[in-house]
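> When we follow the working numbering, the leftmost residue of the sequence shown carries the number 41, and every step to the right adds one.
Every residue gets a Cβ at the ideal spot worked out from N, C-alpha and C, and that includes glycine.
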Amino acid sequence: MSRKKINRLRERFKKGMATSFKKINSSIETDSFLYNEDIEGSIAHTEMLAKQKIISPSESTKIIRGLKKIKSEIKSNKFIFSDELEDIHLNIETRLFELIGETAGKLHTARSRNDQVVTDLKLWMKKDQISILKKIKKVKSVLVQLAKKNVKTIIPGLTHFQSAQPISAGHYFLAYYEMFKRDTVRFCEALKRIDENPLGSCALAGTQYKINRFQTSKKLGFKKPSKNSIDSVADRDFVIDFLSNASVLSVHLSRISEEIVLFSSDLINIFRLSDEVVSSSSILPQKRNPDGAELIRAKAAITFSNLNSALNLLKALPLTYSKDLQEDKQLVVNASNNLKISLDCIIDILNNLEINKKNAESYLNNSFSNATELADWLVINLNYTFRDAHSMSSKIVNYAEKKRKFLKDLNLTDYKKFDSRISKNLMNSLKIENAVNNKISYGGTSTSEVSKMIILAKKEILNEKI
Ligand code: ARG
41 MSRKKINRLR ERFKKGMATS FKKINSSIET DSFLYNEDIE GSIAHTEMLA KQKIISPSES
101 TKIIRGLKKI KSEIKSNKFI FSDELEDIHL NIETRLFELI GETAGKLHTA RSRNDQVVTD
161 LKLWMKKDQI SILKKIKKVK SVLVQLAKKN VKTIIPGLTH FQSAQPISAG HYFLAYYEMF
221 KRDTVRFCEA LKRIDENPLG SCALAGTQYK INRFQTSKKL GFKKPSKNSI DSVADRDFVI
281 DFLSNASVLS VHLSRISEEI VLFSSDLINI FRLSDEVVSS SSILPQKRNP DGAELIRAKA
341 AITFSNLNSA LNLLKALPLT YSKDLQEDKQ LVVNASNNLK ISLDCIIDIL NNLEINKKNA
401 ESYLNNSFSN ATELADWLVI NLNYTFRDAH SMSSKIVNYA EKKRKFLKDL NLTDYKKFDS
461 RISKNLMNSL KIENAVNNKI SYGGTSTSEV SKMIILAKKE ILNEKI
């Protein structure tokens, strides 16, 4: 059933809205998600107006009852949204008139849609970022579990996407744990900055009514009211904060996803993805496509674009409110949805990730990733400077390459050609396992260091107050 909705804000105009104008001006399709926060804000505002004797207790009761009814109508999909009424705020207010009559007109005393919309968005984003933080926490827990399971699993460590040095797979997963840990801190910092209540700033100048902004702040769970009414309605840097943090988080998600794509490819074949997180091909029967990881990687691009759009929306925008600001919400919601599904998906991918240890081992055995061990051995045992040891090791690598061998395959006679003092115990140092476990520097890849860091990480997760 469709009902003719009258936009009471247009009474001074002789003509209705042109279809194109109605379409471009309306945000109801993108801002109806704010209905809960809009009603929550309106209830807090109404209670405050009554407490300050700006409206009567019975008017307050009537308004609040009406607002609650509207909430249940929207929840049960009975509410009819109208683009004639532009946005969520006018849609709700107009319905309030239908439900309780002219008393509804008192709700907008000492308020404007300018402070209303920022209040709604901030309230929504506060909750939303808590749910994002919970998901990041899950990702971190899964990474620590994976690290624990794989402290002793050895995989190639790469630089320039070439084998560099062998590392503990546990150490590798903890690298991402550290990145996501900093993401947590960034979101928590942004949550502190967003925690100022704009409600009561009105259009831009504040109001002559004796409102109590501390009361609405407390009721809505804001730490304090904002201190400048102009800033309150014009500012959207909390949107930039969010999109920027979302972008950094997406960088991390995209890097691990890219590695999952590469390492699970049959060209490398060190990771094995579970059936639950791969797709098949419509023509190639052998395929196990890592579509989830690829889409996480792709969604990062969209989040960066949203950040870029928000920066451009705000760049050089004169104070205070301009309708440009209406476009912010879709950027936030879109990034948030992409982020949440990406976090859920990476959790599922990592939860079931298997490492093909044999392939990792054979890859390492057929590489020069122990060349640094040779150089270090010359420094420690034969008193070479590191530069001399580096140059001598390069020569030995060249020699081995020519013979189509790796360092472990050369015999002592081969080595003695380069320096007669080289002794048999070099061979032990060249072993892959040794190359990992001698990295006992703080934060290094040895089993002992990684195990210590796992204990610390577990404690950090346990102490997180999210
Ligand atoms: N729908 C508007 C927005 O999202 C609400 C604020 C409208 N304010 C105004 N002065 N037109 O930004």
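Rounded to whole angstroms, what is the Cα-Cα separation between M41 and N117?
Bear in mind that a pLDDT of 38 at M41, under 50, signals an unreliable position, so the model cannot answer this.
> With the cut-off set at 8 Å, would you say V279 and V157 are in Cβ contact?
No, Cβ-Cβ distance for V279 and V157 is not below 8 Å.
> Sorry if obvious, but does the Cβ on D281 come closer than 7 Å to a heavy atom of the ligand ARG?
Because no heavy atom of the ligand ARG lies under 7 Å away, the Cβ of D281 does not count as near it: no.
> How long is the line joining the alpha carbons of R253 and L136, rounded to whole angstroms?
Roughly 24 Å between the two C-alpha positions.
> Who are the Cβ neighbours of K91 in its own chain at under 8 Å, not counting the five residues just before and after it?
If we look at K91 and ignore the five residues flanking it on each side, its Cβ neighbours are N252, Q255.
> Kindly indicate the opening and closing residues of the beta strand (DSSP E) around T205.
Residue 205 is actually Gln in this sequence, not Thr. Per DSSP, Q205 belongs to the beta strand (DSSP E) from 202-208.
> Can you find the residues in the same chain that come closer than 6 Å, C-beta to C-beta, to F227, ignoring five residues on each side of it along the sequence?
Cβ within range, chain order: Q169, L173, N285.
> Hey, H148 and E133 are a contact pair by Cβ (cut 8 Å); roughly how many whole angstroms apart?
Going by Cβ atoms, the distance from H148 to E133 rounds to 7 Å, so yes, they are a contact pair.
> Kindly give me the distance between the Cβ atoms of A475 and N421, rounded to whole angstroms, as I take these residues to be in contact under 8 Å.
That belief does not hold up - the Cβ atoms of A475 and N421 are roughly 16 Å apart, past 8 Å.
> With H, G and I counted as helix, E and B as strand and the rest as coil, what does DSSP make of G56?
Coil, per DSSP.
> In three-state DSSP terms, what is T199?
It is a strand residue.
> Distance, Cα to Cα, K93 vs I104?
Whole-angstrom Cα-Cα distance: 16 Å.
> Considering only C-alpha positions, which residue in the set E138, L351, K448 is nearest to E473?
Out of E138, L351, K448, K448 has the C-alpha closest to the C-alpha of E473.
> I'd like to confirm the pairing. Which residues does DSSP put opposite P265 in its beta bridges?
DSSP lists N237 as partners of P265.
> Rounded to the nearest angstrom, how far is the Cβ of N378 from that of T343, given a contact under 8 Å?
That belief holds up - the Cβ atoms of N378 and T343 are roughly 6 Å apart, short of 8 Å.
> Which residues share a DSSP beta bridge with S319?
N329, per the DSSP bridge assignment.
> Residues in its own chain within less than 7 Å of R43 by CB, not counting five upstream and five downstream?
Only weak support exists for where R43 lies, its pLDDT of 46 falling under 50; the value from the coordinates is given anyway. Result list for R43: I120, in chain order.
> Roughly how many angstroms separate the alpha carbons of I128 and Y361, rounded to a whole number?
Approximately 17 Å, taken between the alpha carbons.
> Along the alpha helix (DSSP H) that carries I436, what are the first and last residues, could you check?
Where I436 is concerned, the enclosing alpha helix (DSSP H) stretches over 426-442.
> Is the stretch 183-200 close to the stretch 96-110, with three or more CB pairs under 8 Å?
No, because fewer than three Cβ pairs between the stretch 183-200 and the stretch 96-110 fall closer than 8 Å, the two stretches do not touch.
> Hey, quick one: how far does the alpha helix (DSSP H) through S473 stretch, first residue to last?
Ser is not the amino acid found at residue 473; the sequence shown has Glu there. Counting along the chain, the alpha helix (DSSP H) containing E473 begins and ends at 472-477.
> Where DSSP assigns a beta bridge to I395, which residues make up the other side?
F311, per the DSSP bridge assignment.
> Which residues in the same chain as S319 place their Cβ atom closer than 7 Å to its Cβ, once the five residues preceding and following it in sequence are excluded?
Taken in chain order, the residues that qualify are N329, D331.
> Threshold first: 3 residues or longer. Then list the beta strand (DSSP E) segments lying entirely within the stretch 45-127, N to C.
Complete beta strand (DSSP E) runs here, min 3: none at all.
> Using DSSP's beta-bridge definition, name the partner residues of I194.
For I194, which the question treats as bridged, DSSP gives the partners S208.
> Please state if the CB of N190 and the CB of E126 are separated by a distance shorter than 8 Å.
Result no, Cβ atoms of E126 and N190 do not sit closer than 8 Å.
> Assuming the contact rule is C-beta atoms closer than 8 Å, A14 and Y217 should be a hit. Round their C-beta distance to whole Å, please.
This structure cannot settle anything about residue 14, because the visible part of the chain is limited to 41 through 506.
> Specify the secondary structure class of I386 as computed by DSSP and reduced to three states.
Three-state result, I386: helix.
> Once the 5 residues before and after S155 are set aside, which same chain residues still bring their CB inside 7 Å of it?
Here residue 155 turns out to be Asp, not Ser, going by the sequence shown. So the qualifying residues of the chain are P238, L239, G240, S241, C242, S272, V273.
> Look at the Cβ atom of N406, then the Cβ atom of F446, and state whether they are nearer than 8 Å.
Yes.
> Tell me the DSSP secondary structure of L496 in three-state form.
Reduced to three states, the DSSP call for L496 is helix.
> Could you tell me how far apart the beta carbons of A400 and I310 are, in whole angstroms, since I believe they sit closer than 8 Å?
About 5 Å separates the two Cβ atoms, so the contact holds.
> How many Å lie between E77 and L302 at the Cα?
About 43 Å.
> For M432 and Y439, which I take to be in contact (beta-carbon distance under 8 Å), what is that distance rounded to the nearest angstrom?
Incorrect: roughly 11 Å between the Cβ atoms, too far for contact.
> May I ask you to check if the CB of K62 is nearer than 7 Å to at least one heavy atom of the ligand ARG?
Checking the Cβ of K62 against the ligand ARG gives no.
> Is the Cβ-Cβ distance between M165 and I95 less than 8 Å?
No.
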